[in-house]
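Residues 1216 to 1558 (this note's numbering) make up the sequence shown, in order.
Each residue gets a CB set at the ideal place from its N, CA and C atoms; glycine is no exception.
Here the structure is a predicted model, which means the values were calculated and not measured.
Heads up, the thing below is written out as C-alpha cells.
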Amino acid sequence: MNKPIAIIGGGLAGLTLGIGLRRRNVPVTIWEAGQYPRRRVCGEFVSGRGLDVLRRLGLLEEFVGAGAIPARSAKIFFGTARSPLWPLEPPALCLSRFSMDHLLAERFRYQGGDLREKTRWEGDVTGEGVVQANGRRAQTVENGWRWFGLKIHARGVQLEADLEMHGSGQGYLGLCRLPGGEVNVCGLFRGRPGTVGSPVKDLLRGAPGTPLHRRLASAVFEEASYCSVAGLGLQPQRAIEQGGCRLGDALTMIPPVTGNGMSMAFEAAEIALDPIAAYARGEIAWTAACAATARACDTAFRMRLFWARWLQATMFSPVLRGKLGAVVLNSRWLWQLVFTRTR
Ligand SMILES: Cc1cc2nc3c(=O)[nH]c(=O)nc-3n(C[C@H](O)[C@H](O)[C@H](O)COP(=O)(O)OP(=O)(O)OC[C@H]3O[C@@H](n4cnc5c(N)ncnc54)[C@H](O)[C@@H]3O)c2cc1C
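Next up, the structure:
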C-alpha cells in the first residue's frame, strides 16, 4: 500500500503532479482554495518543454481536443519599432486557463484523485507527504516596484502574428489567439507604491497612437473574463534553499515575458514524480524525495531563470524605445538566442 500525498493547490503544478501520481496508484488529495472552472491572470500561451511533459502524460491530446490553438509566429512592438514576423519553433499552444485548469481537474478526478475545492490548506506546509503547489508568494514591493498582472478576452481583433508582444515603459502585453475566435489580452505592469497611474483597465488598451491601441480599437471585451493579480515577486528562487517540496510558482516565478511559467509548472511536476512515488512506496525518506526534487528543479531551471531576468530588465529598458530598439527587434540572432535560452 502506497503512502498518501497531500498537494496544496490545484493549479497546473498540483494537478499535473496529482495526475502523474494517480497513474502510479499513489493516493492523492489536492486541496484547492478556489473552484473550477475559474479565470486566471495568464497569457494562456504554453511554450517550452512542458508540452513534452503533457505529451508523456497523455494530456496533450486532451488540450488539443479542448480546442488548443498552435502559435507558430510572433511579432514584437515597442513604441514605433516593430520586429519582423519571427517563427516560434517549436510552436506554442494557446488555451484559456478557464478550460485548461478545468480539464486537468476532471482528469485528476477521473483517475481516482480526491480534489477538495473551496478548501484551503491550513496545516503544516513542510509536513511529511505535503507538496506545496500553492502558487506565487505574495510580495508587495520588489526593488521599489509593485508588480501586477491584468487580463481580459476580446473579440473582433485581427492579429499580425499568432503571438503579439507590445511593450511600453509601464509594462508589456501579450496577445494570442484562443479557441472560438477570442484573443487573450494579458499584461504585466509595474508602478511605484503610492503613485496613481492610469485606470488599470486602460493599460490593457494601450496608449492612444500606439500599435496596441490601434489593434484593439474595434475590440469587444468580454467583461466576465477580466481578472487581475497583484503582489507578484519575480526574483528567482533556488529550490534547495527552501523548505519542503515546492513546485511551480510556489518554487519560483519566471517573468511572464518568457511565456514559460506554465511549462515550468508542468516540468517541475514531472521532476517530482519519481522521488515522490519512491517515497510513497517506502523506498526513500520524505526529506530525500524533497532534496532530489529540489536539486533537479534547480538544475533544470537555473539558466532559464538567469536569461529570463535579463530579458525582463531589457523589456523595461529605455533602449528598446529609442532608435536602437529597431535594431534589437530586427535581429534574428537575438530573437533566436532569447527564445531558446528562456525555455
Ligand atoms: C501577467 C502574467 C502572465 C502570464 N502569462 C503566462 C504565459 O503566457 N505563459 C506561461 O506559461 N505562463 C504565464 N504566466 C505564469 C503562469 O500563469 C504560472 O507560472 C502558472 O500558473 C503557475 O502554476 P502553479 O500551478 O504553480 O500556480 P497556480 O496556477 O497559481 O495555482 C496555485 C493554486 O493554489 C491554490 N492555493 C493557494 N493557496 C492555497 C491554500 N492554502 N490551500 C489550498 N489551495 C491554495 C490557488 O487557489 C491556486 O489555484 C503568467 C503570469 C502572469 C502573472
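Item, Value
"For residue 1545 versus residue 1298, is the C-beta spacing smaller than 8 Å?", "yes"
"How big is the Cα-Cα spacing for residue 1343 and residue 1458?", "12 Å"
"Label residue 1521 either buried or exposed according to how many other C-beta atoms from any shown protein chain fall within 10 Å of its C-beta, with 16 as the threshold for buried.", "exposed"
"Should the segment 1498-1508 be called in touch with the segment 1249-1261, which here means at least 3 C-beta pairs below 8 Å?", "no"
"Classify residue 1216 as helix, strand or coil using the three-state DSSP reduction.", "coil"
"Using 8 Å as the threshold, is the C-beta distance between residue 1527 and residue 1472 below it?", "yes"
"Tell me the residue span of the alpha helix (DSSP H) that contains residue 1542.", "1538-1544"
"When DSSP labels each residue in this structure, what does residue 1512 get in the three-state scheme?", "helix"
"Check each candidate in 1237, 1403, 1352 and name the one with the smallest Cα separation from residue 1319.", "1237"
"Can you list the alpha helix (DSSP H) stretches of 4 or more residues lying completely in the segment 1444-1499, in chain order?", "1476-1495"
"Quick one: residues in its chain with C-beta nearer than 8 Å to the C-beta of residue 1368, no 5 flanking neighbours on either side, listed in chain order?", "1311, 1393, 1397, 1398, 1399, 1400, 1436, 1437, 1440"
"Does DSSP put residue 1265 in a helix, a strand or coil?", "helix"
"To the nearest angstrom, report how far apart residue 1432 and residue 1221 are at their CA atoms.", "47 Å"
"Could you tell me which residues DSSP puts in a beta bridge with residue 1364?", "1403, 1444"
"Taking the Cβ atom as the reference point for each residue, do residue 1223 and residue 1326 lie within a distance shorter than 8 Å?", "no"
"Relative to the C-alpha of residue 1447, which residue among 1434, 1456, 1464 is closest?", "1464"
"Does DSSP put residue 1300 in a helix, in a strand, or in coil?", "coil"
"Hey, is the segment 1419-1433 in contact with the segment 1363-1377, meaning 3+ C-beta pairs nearer than 8 Å?", "yes"
"Would residue 1378 and residue 1289 be called neighbours here (beta carbons separated by less than 8 Å)?", "yes"
"Can you find the residues in the same chain that come closer than 7 Å, C-beta to C-beta, to residue 1461, ignoring five residues on each side of it along the sequence?", "1347, 1454"
"Is residue 1246 close to ligand 1? I mean its beta-carbon at under 7 Å from any heavy atom of the ligand.", "yes"
"Comparing alpha-carbon positions, which option in 1321, 1286, 1317, 1313 lies nearest residue 1307?", "1286"
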